[in-house]
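Since the structure comes first, as structure tokens, the remarks are kept for the end.
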Amino acid sequence: MAVYTEVSFDEAAGLFARLDTGALTALQPIAAGIENTNYFADTASGRYVLTLFERLTHAQLPFYLVLMKHLAERGIPVPRPHADTSGALLHTLAGKPAAVVDRLRGRHRLAPDAAHCALVGDMLARMHLAARDFAPAQPNLRGLAWWAETVPVIEPFVTADLAALLRDELAFQQRFAASAAGTSLPRGAIHADLFRDNVMFEAGDDGADRLAGFFDFYFAGVDALLFDLAVCLNDWCIDLESGRLAEDRANAFVAAYDAVRALDGAELRALPALMRAAALRFWVSRLWDLHLPRDAQLLTPHDPAHFERVLRARRDAPWHYTRP
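The sequence shown begins at 77 in this note's numbering and counts up one residue at a time.
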């Protein structure tokens, strides 16, 4: 959510005039993130997020927008995309594909406890169930094929030791994906990027946090459902300094998910391998963003060393969930 493409107020107002949102009254660039250009947009009737897509194409984008619409219609708290007068959810602005979605209320919980993790695990399972009848199929574009394509590109920028670790882990993941254990995992539409800063909470009437919604679905795709859990465990349930797993949070997360969509035995056995896969995915993408950056007005690349530490921790101390 950096700013790669500048959009004037008048340009954005022209788009909003074609939507059901009311006339644009305020437009503010969002500095967080690294993939797309994002603006907060206000009208008299509500608050929205305007996104211009910098890498995804017009052909790829309907999957994400229709998925969000599908989930919203089934009661999952996600941003609803807004159509123009022709019914199209995908628009064009400043020569780029664009979308306008609801802005979620609430705030992030960047230092989550076990209760927050349980709320996310519960809703993630509900999201997976809600997507069971989602027909469109688009692969996870940052999945195994992308890792295999990208690792050789970034190897020249890292030390020999790190390059060896990247190759070794990639080979492990390729073997696992081709095995019976890998090919048998339940698959469906997943978020694939459900980090702490892609979830909102707000206080309920009793003062306790409730989950307000999931957002930023633009890495979603069809993949192993377990990969979504692995991504979450590697972010929501770790010590950020060391990458070590916080087992109280991890147990709360998986128990809450398992209570809604029971994990089968193959998934439970595969979880350590998928946690390694999720760590590799984000290490590779952060190395790519750091060493092969794009120009942006507001951009701070994430530290790749963080997910190197997470990957090493997952390799050194595999974690298995055991039902109580």
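Yeah, the Cβ is synthetic: ideal placement off N, Cα and C, and Gly gets one too. This one's a predicted model, so the numbers in the text were calculated from it and none came from an experiment.
Burial of Leu126 is indicated by the presence of at least 16 other C-beta atoms within 10 angstroms of its C-beta. Around the beta-carbon of Thr235, fewer than 16 other beta-carbon atoms lie within 10 Å, marking it exposed. Per DSSP, the unbroken beta strand (DSSP E) holding Pro173 starts and ends at Lys172 to Asp178. According to DSSP, Leu128 shares a beta bridge with Thr113 and Ala174.
Short of 8 Å from the beta carbon of Arg150, and not among the five residues preceding or following it, lie these beta carbons of its own chain, in chain order: Ala206.
Rounded to whole angstroms, Ala306 and Ala346 show a C-alpha spacing of 10 Å. No residue range can be given for Gln214, since it is assigned to no beta strand (DSSP E) and is classified by DSSP as neither H nor E. Asp285 carries a strand assignment under DSSP once its states are collapsed to helix, strand and coil. Scanning its chain for C-beta atoms nearer than 7 Å, with the 5 sequence neighbours on each side dropped, one finds around Phe329 the residues Cys193, Ala194, Val196, Gly197, Cys308, Leu309, Trp312 and Cys313, in chain order. Judged by pairs of C-beta atoms under 8 Å, the segment 323-342 does not touch the segment 273-287, as fewer than three such pairs exist. In this structure Arg391 is not in contact with Ser318, their Cβ atoms being roughly 14 Å apart against a cut-off of 8 Å.
In the three-state reduction of the DSSP assignment, Thr226 falls in the helix class. Ala355 counts as buried, since at least 16 other C-beta atoms from the protein chains shown sit within 10 angstroms of its C-beta. Under the Cβ criterion (8 Å, minimum of three pairs), the segment 82-102 counts as touching the segment 156-169.
Linking Gly171 to Gln104 through their CA atoms gives a straight-line distance of about 19 Å. The beta carbon of Ala239 lies closer than 6 Å to those of Glu231 in the same chain, with the five residues before and after it left out. Collapsing the DSSP output to three states places Glu384 in a helix. Taking all protein chains shown into account, Phe85 has fewer than 16 neighbouring C-beta atoms within 10 Å of its C-beta and is therefore exposed.
If the five residues before and after Ala120 are omitted, its C-beta is found closer than 8 Å to the C-beta atoms of Gly98, Ala99 and Thr101, all from its own chain and listed in chain order. With a threshold of 16 other beta carbon atoms within 10 Å, Arg362 meets it and is buried.
For the pair Leu180 and Asp237, the Cα-to-Cα distance works out to about 43 Å. For Phe295, there is no enclosing alpha helix (DSSP H), as DSSP marks it with neither H nor E. Shortest Cα-Cα distance from Leu270 to any of Asp304, Phe248 and Arg251 involves Asp304. Take the alpha-carbon of Pro138 and the one of Pro173: they are about 10 Å apart. Going by beta carbons, Leu316 and Trp359 fall outside the 8 Å limit.
Bounds of the alpha helix (DSSP H) holding Arg243 are Ala236 to Ala254. For Asp160, the three-state secondary structure derived from DSSP is strand.
By a beta-carbon distance limit of 8 Å, Asp299 does not contact Arg352. Their separation comes to about 15 Å.
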